[in-house]
Amino acid sequence: MANKINKIQSIRGMHDILPEQSPLWQFFEATVQKLLQSYSYKEIRMPIVESTDLFCRSIGEVTDIVEKEMYTFEDRNGDSLTLRPEGTASCVRSGIQHGLFHNQQQRLWYMGPMFRHERPQKGRYRQFHQIGVETYGMPDADIDAELILMSARLWKLLGLKNIRLELNTLGTAESRKAYKLVLVDYLNEHKSVLDEDSLRRLETNPLRVLDSKNPDMQLMIEAAPALMDYLDEESLMHFNHLTAILDKAGITYNINHRLVRGLDYYCKTVFEWVTDALGAQGTVCAGGRYDGLVEQLGGRDTPAAGFAMGVERLLSLLEDAGMQVDNTPHIYILLQGEQAQLQGMSFVESLRDQMPDIDIQTNCGAGSFKSQIKKADKSGARVALILGEEEILNDSVGIKMLREKVDQKTVSQSELVTLLKTIL
Ligand code: ATP
Ligand code: MG
């Protein structure tokens, strides 16, 4: 009878990470974790679901994310919940809730899936992964610089070249107010070029118009007055301090007046690490300062700065660079015959006791010698160990090198570990 049930597929834009892909993920995650540890950042893990309110009040009502990208639903109690589209809001919520910001400095990081209902394409998914880094209680540009230096070090560790730094400052909320008036005048003069989204934003959040990717508006945006020219003393000093540290450290950057970022909570420093190698989805890491957010979400006034990297985009750069991570076992063990199957497992356990760093795959499910050696070969292991009736009787074990032309030999089980240590 034909199976009439439709096969269930994963949700569009949400992907499985298959066994052949996970070694690269693990390598990447381990590299980042080690780096973060070396800068004394501590991991925080937040829930994936939060109150919808949290994101509306932090990211901003008039942003792409809140207007059209959130996975929002009512739970069985009728509460409005949202799958987190980013981590900063949750991190701030958690810090306020647990008193992490009271007279303390914090260097935090997290990683995990984020959810946005976007049009799926290369480098843009509905479930994607970020590693986020957030700092609290440090108002000066030195910590902004540390965030940038740390990310620059990561690209170097990963061997990624051609990632450039785009830098801008949004100034303080006060200096932005003065600029907004000028910008609104300018946008009103060019109303005929504005698309529907931008016309709406002209009323609600004019800065956001500069963020538009509509090609027909680029010339107009290019010629718009620059926020940099309206900065107050404090914002200018902060920015100059940051660029001075970066200059001294040999970090090159491009000051990009159009860089306003897609979220409302930023102030002063904003930055993006961008590559040309990924087409339109070229931003691999983005962040900045958000001094007002903690207070905005009900905490005490706390300076803050951070960034988030898009893991899929960085992995795609690593793949394009030909990076391969080997996770094949070192040893494959063949068990031939009833006695070998009975005693073999304990033999392997004692091997594991003596060589905890060696990866061993045991043949399960018996099979002929030929079929077992075929599986051994397919496993990618370098060494096959053979336990058959004869070996069990003699307390010996057969060794066959799977990748080299060497004759198979038999050694006593007591000599085995010493021998394996010279081979592996
Ligand atoms: P974009 O302009 O590409 O939409 P964004 O400004 O919305 O990015 P952020 O919210 O700053 O992105 O998120 C930080 C990083 O997370 C981005 O620079 C990108 O690398 C990654 N990212 C964001 N959205 C997606 C997505 N839908 N799929 C994959 N990665 C994403
Ligand atoms: Mg986006």
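Anchor point for the sequence shown: position 186 equals 185 in numbering that gives the first Met the number 0, and the numbering is continuous, going up by one each time.
Using N, Cα and C, we set each Cβ at its ideal position, and we do this for glycine too.
Worksheet item: Given T30, which residues of its chain have a CB within under 8 Å of its CB, disregarding the five upstream and five downstream residues?
Response: Sequence-distant partners of T30 (beyond 5 residues in either direction) whose C-beta falls short of 8 Å from its own C-beta, in its chain, are L153, L156, L157.
Item to complete: Could you tell me whether the Cβ atoms of V132 and G305 are closer together than 9 Å?
Response: Yes, these two residues count as a Cβ contact at 9 Å.
Worksheet item: Where does the unbroken alpha helix (DSSP H) through N5 begin, and where does it stop?
Response: It is not in any alpha helix (DSSP H) - N5 carries neither H nor E in the DSSP assignment.
Discussion item. Does the beta-carbon of V181, which I'm using as the reference point, lie nearer than 8 Å to any heavy atom of the ligand ATP?
Written reply: The ligand ATP has no heavy atom closer than 8 Å to the beta-carbon of V181.
Worksheet item: Measuring CA to CA, which of M219, R106, Q120, S234 is closest to M137?
Response: Nearest C-alpha to M137: R106.
Item to complete: Just mark G348 as buried or exposed, buried being the case when its beta carbon has 16 or more other beta carbons within 10 Å.
Response: Checking the sequence, you will find Glu at residue 348 rather than Gly. E348 is exposed by the Cβ-count criterion.
Discussion item. I'd like to know whether the C-beta atoms of V61 and R175 end up nearer to each other than 9 Å.
Written reply: With contacts defined as CB atoms closer than 9 Å, V61 and R175 fail to qualify as a contacting pair.
Worksheet item: So who's on the other strand from R106, going by DSSP bridges?
Response: Looking at the DSSP assignment, R106 forms a beta bridge with T134.
Fill in: Buried versus exposed, by CB contacts within 10 Å (16 or more), G249
Its Cβ having fewer than 16 others within 10 Å, G249 is exposed.
Fill in: Straight-line gap, L296 to L206 (C-alpha atoms, nearest Å)
Going by the C-alpha atoms only, they are around 22 Å apart.
Worksheet item: Using 8 Å as the threshold, is the region 305-320 in touch with the region 358-369, meaning 3 or more CB pairs across them?
Response: Segments in contact, no.
Practice prompt. Between the Cα of V396 and those of E388, M113, Q412, spot the shortest distance and give me the residue it belongs to.
Written response: Per the C-alpha coordinates, the member of E388, M113, Q412 positioned closest to V396 is Q412.
Practice prompt. Take Y124 and list the residues in its own chain whose beta-carbon comes closer than 6 Å to its own, dropping the five residues that flank it on each side.
Written response: Answer for Y124: G12, listed in chain order.
Worksheet item: Do R207 and the ligand MG come close, with the Cβ less than 8 Å from some heavy atom?
Response: Result no, Cβ not under 8 Å from the ligand MG.
Worksheet item: In the structure shown, what three-state DSSP assignment does G98 receive?
Response: Residue state for G98 is assigned as coil, using DSSP reduced to three classes.
Fill in: Contact set for L35: own chain, Cβ-Cβ below 6 Å, skip 5 residues either direction
Closer than 6 Å at Cβ, skipping near neighbours: W108.
Worksheet item: Given 8 Å as the limit, is there contact between the region 182-190 and the region 222-233, that is, 3 or more CB pairs closer than that?
Response: Using a C-beta cut-off of 8 Å, the region 182-190 makes contact with the region 222-233, since at least three inter-stretch Cβ pairs fall below that distance.
Practice prompt. Please look up how many angstroms separate the CB atoms of Q32 and G86, rounded, as I've assumed it's under 8 Å.
Written response: The C-beta separation of Q32 from G86 comes to about 16 Å, leaving the pair out of contact by the 8 Å criterion.
Item to complete: Check whether the Cβ atoms of Y331 and Q353 sit closer than 9 Å, and answer yes or no.
Response: The answer is no: Cβ separation not under 9 Å.
Item to complete: From the DSSP output, read off the bridge partner residues of F306.
Response: Residue pairing by DSSP places F306 opposite V132, G286 in a beta bridge.
Worksheet entry | Cβ-Cβ distance between L193 and M216 below 9 Å | Taking 9 Å as the Cβ cut-off, L193 and M216 qualify as a contacting pair.
Item to complete: Provide the residue span of the alpha helix (DSSP H) that contains A222, from first to last.
Response: Unbroken run through A222: none, as it is neither H nor E.
Worksheet item: If you scan the region 346-416 from start to end, which runs of the beta strand (DSSP E) of 3 or more residues do you find wholly inside it?
Response: Counting only runs of 3 or more, we get 359-361, 382-386, 395-400, 408-411.
Practice prompt. Specify the secondary structure class of K121 as computed by DSSP and reduced to three states.
Written response: In the structure shown, K121 sits in coil (DSSP, three-state: anything other than H, G, I, E or B).
Worksheet item: Based on the DSSP secondary-structure assignment, which residues constitute the bridge partners of K41?
Response: Under DSSP, the beta-bridge partners assigned to K41 are L107.
Item to complete: Could you tell me which uninterrupted beta strand (DSSP E) segments, each at least 3 residues in length, are contained entirely in the region 40-70, listed from first to last along the chain?
Response: Restricted to the region 40-70, the beta strand (DSSP E) segments that are unbroken, complete and at least 3 residues in length are 48-50, listed in chain order.
Worksheet item: Of the choices L392, E390, L386, D358, whose alpha-carbon is the least far from that of S378?
Response: The closest CA to that of S378, considering only L392, E390, L386, D358, is found on D358.
Worksheet entry | Option nearest I385 by Cα separation, candidates A276, Q340, T282, Q20 | Across the set A276, Q340, T282, Q20, the C-alpha of Q340 shows the shortest separation from the C-alpha of I385.
Discussion item. Give me the DSSP bridge partner(s) of S79.
Written reply: Note: S79 sits in a beta bridge opposite E73.
Worksheet item: Could you give the distance in angstroms between the alpha-carbon of K374 and the alpha-carbon of L334?
Response: The straight-line gap from Cα to Cα measures roughly 12 Å.
Discussion item. Is R312 near the ligand MG - that is, is its Cβ less than 8 Å away from at least one heavy atom of it?
Written reply: Flag unset: Cβ of R312 not near the ligand MG.
Discussion item. Quick check: C284 and S89, are their CB atoms within less than 9 Å of each other?
Written reply: Not in contact: C284 and S89 (Cβ atoms no closer than 9 Å).
Worksheet item: Do the region 67-75 and the region 15-30 touch if we need at least three Cβ pairs shorter than 8 Å?
Response: Counting Cβ pairs under 8 Å, fewer than three are found: no touch.
Worksheet item: Closest by CA to G321, which one among Y38, S39, L159?
Response: Answer by Cα proximity: L159.
Discussion item. For a test of your reading of the model: does the CB of Q335 fall under 8 Å from any non-hydrogen atom of the ligand ATP? Yes or no.
Written reply: It does not: the Cβ of Q335 is nowhere closer than 8 Å to a heavy atom of the ligand ATP.
Worksheet entry | Residue range of the alpha helix (DSSP H) that includes V273 | No alpha helix (DSSP H) holds V273; the beta strand (DSSP E) holding it covers 266-273.
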